[in-house]
Amino acid sequence: MSTGEDDRVVRVLEVDPDLGERVEADVRSRAFAAATARVERLAEGPWDPPREQGFGLLVLSGFIVRRVGRQERYGAELLGPGDLLRPWQAPGRLASQPFEASWQTIAPAELAVLDDAFVRRVAPYPQIATRLVDRVMVRSRHLALELAILQQRRVEDRLLMLLWLLAERWGYVTRSGVRVAAPLTHALLAELVAARRPSVSTALTKLVRSGQVIRVGSEWVLDQPPSFASGGLATDNR
């Protein structure tokens with residue numbers, strides 16, 4: 006649900022610099038000034054997405070779960086900072102295999118509304134649109150990786166591989182290891198790895214006992230492999 010405090014405006018290329026990475030230096034300042042967007046704030050709980058708006062909704066902070074399924078069997082996708090959403094796009098009612106979809110905010114979120122007005126303002130800077138297309142492709146490829154993870158036979162293998170995949174997207178390095186910033190409950194992890202919750206709890210216990218995973222509050226910390234390189238992960242001294 007929206008908090009009703011949706012009057013903040015941000016410079017999108019300042020809060021998400023990657024989107025302006027390819028803009029030429031001589032027009033960069035104009036592009037930054039043009040790429041402003043209204044922010045929609047979401048509280049935790051069910052979310053009813055808005056109607057179609059331009060490029061879509063860019064997640065600036067927080068986490069959202071999208072569930073798709075039928076007959077009370079659902080697959081889940083975790084969405085977070087950097088993801089571009091177009092939640093109004095769904096298979097038509099006459100699809101051969103109709104599925105239900107729902108959205109839930111699991112950590113208070115902020116979304117930049119990249120509406121039609123935003124599209125018009127950034128039209129002189131096509132590099133921004135190109136980067137947004139990149140985001141869509143990255144999201145689809147992460148989904149393909151998650152499907153590959155689901156093919157692993159052991160639940161603990163699925164969990165560990167999924168946690169590392171999420172760490173690559175939203176993790177940061179701490180003194181104790183790589184912390185996954187998303188609030189991942191046993192129930193949500195069960196949805197993400199297509200397993201029953203008791204099996205996930207048992208598998209997590211094994212991973213904790215082996216020292217590969219540590220629970221810190223609502224987050225998980227992964228032990229760093231010997232060859233680990235931080236790459237795009239942020240560093241935190243906690």
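Numbering (our numbering), first residue to last: 6 to 243. Idealized CB from N, CA, C, for every residue including glycine.
Query raised in the report: What span of residues does the alpha helix (DSSP H) with GLU19 cover, start to end?
Result: As a first step, residue 19 must be located in the sequence shown, where it is residue number 14. Here the alpha helix (DSSP H) through GLU19 covers 17-20.
Query raised in the report: Does DSSP put PHE233 in a helix, in a strand, or in coil?
Result: Here residue 233 is taken as the residue at index 228 of the sequence shown, counted from 1. Low confidence applies here, because PHE233 scores a pLDDT of 40, under 50, leaving its location unreliable and the question unanswered by this model.
Requested in this report: Specify, as a first and last residue, the run of the beta strand (DSSP E) that PRO113 falls within.
Outcome: The sequence position of residue 113 within the sequence shown is 108, counting from 1. From DSSP, the beta strand (DSSP E) with PRO113 extends over 105-119.
Report task. Could you tell me which residues DSSP puts in a beta bridge with GLY50? Result -> Working through the sequence shown from its first residue, we reach residue 50 at position 45. Bridge partners of GLY50 according to DSSP: THR110.
Query raised in the report: Nearest CA to the CA of LEU227: which residue from LEU193, ALA199 and TYR177?
Result: As a first step, residue 227 is located in the sequence shown; it is residue number 222 there, counting from the start. Looking at the Cα atoms, TYR177 is the closest of the given residues.
Requested in this report: Tell me whether GLY222 is buried or exposed, calling it buried when 16 or more other Cβ atoms sit within 10 Å of its Cβ.
Outcome: The count along the sequence shown starts at 1 and reaches residue 222 at position 217. When all chains shown are included, GLY222 counts as exposed.
Report task. For the beta strand (DSSP E) containing VAL221, list its first residue and its last residue. Result -> Taking the sequence shown and counting its residues from 1, the one referred to as residue 221 is at position 216. For VAL221, the uninterrupted beta strand (DSSP E) run begins and ends at 218-221, by DSSP.
Query raised in the report: Among VAL64, LEU83 and ALA186, which one has its Cα closest to the Cα of ARG71?
Result: Here the question's residue 71 lines up with position 66 in the sequence shown. It is LEU83.
Requested in this report: Return the residue from the list ARG91, ARG146, ALA30 and GLU49 that minimises the CA-CA distance to ALA114.
Outcome: For this step, residue 114 is matched to residue 109 along the sequence shown. Minimum Cα distance to ALA114 is reached at GLU49.
Query - Simplified DSSP state of PHE68, which is helix, strand or coil - result: Within the sequence shown, residue 68 is the residue found at index 63, counting from 1. Three-state DSSP puts PHE68 in a strand.
**Report entry** Given 8 Å, three or more beta-carbon pairs between the segment 121-133 and the segment 164-180
**Finding:** With a cut-off of 8 Å, the segment 164-180 and the segment 121-133 do not count as touching, because too few Cβ pairs lie within range.
Query raised in the report: Candidates ARG16, ASP21, GLY25 and ARG13: which alpha carbon is nearest GLN132's?
Result: Position 127 of the sequence shown, counting from 1, holds the residue named residue 132. Nearest C-alpha to GLN132: GLY25.
Report task. Note down the Cα distance separating ALA195 from ARG159, rounded to an integer number of angstroms. Result -> Within the sequence shown, numbered from 1, the residue matching residue 195 stands at position 190. Within the sequence shown, numbered from 1, the residue matching residue 159 stands at position 154. Between ALA195 and ARG159, the C-alpha separation is close to 13 Å.
Query raised in the report: If you compare alpha carbons, which of GLU161, ARG46, SER66 and ALA199 is closest to VAL218?
Result: Indexing the sequence shown from 1 puts residue 218 at position 213. It is GLU161.
Query - Through-space distance from ASP121 to ASP23, alpha-carbon basis - result: As a working mapping, residue 23 is identified with position 18 in the sequence shown. As a working mapping, residue 121 is identified with position 116 in the sequence shown. The alpha-carbon atoms of ASP23 and ASP121 are separated by roughly 21 Å.
Query raised in the report: According to the neighbour-count rule (16 or more other Cβ atoms, all chains shown, within 10 Å of its Cβ), is VAL64 buried or exposed?
Result: The count along the sequence shown starts at 1 and reaches residue 64 at position 59. The residue is buried, with at least 16 neighbouring Cβ atoms inside 10 Å.
Query raised in the report: By DSSP, does GLU161 sit in helix, in strand, or in coil?
Result: As a first step, residue 161 is located in the sequence shown; it is residue number 156 there, counting from the start. Here GLU161 sits in helix by DSSP.
Query raised in the report: How about TRP108 and ARG56: do their beta carbons lie closer than 8 Å?
Result: Reading the sequence shown from its first residue, position 103 is the one you call residue 108. Reading the sequence shown from its first residue, position 51 is the one you call residue 56. Not in contact: TRP108 and ARG56 (Cβ atoms no closer than 8 Å).
Query raised in the report: If you count every other CB in all the chains shown that lies within 10 Å of the CB of ALA31, and 16 or more means buried, which is it?
Result: One-based indexing of the sequence shown puts residue 31 at position 26. The question names Ala, but residue 31 in the sequence shown is Asp. With fewer than 16 other Cβ atoms within 10 Å, it is exposed.
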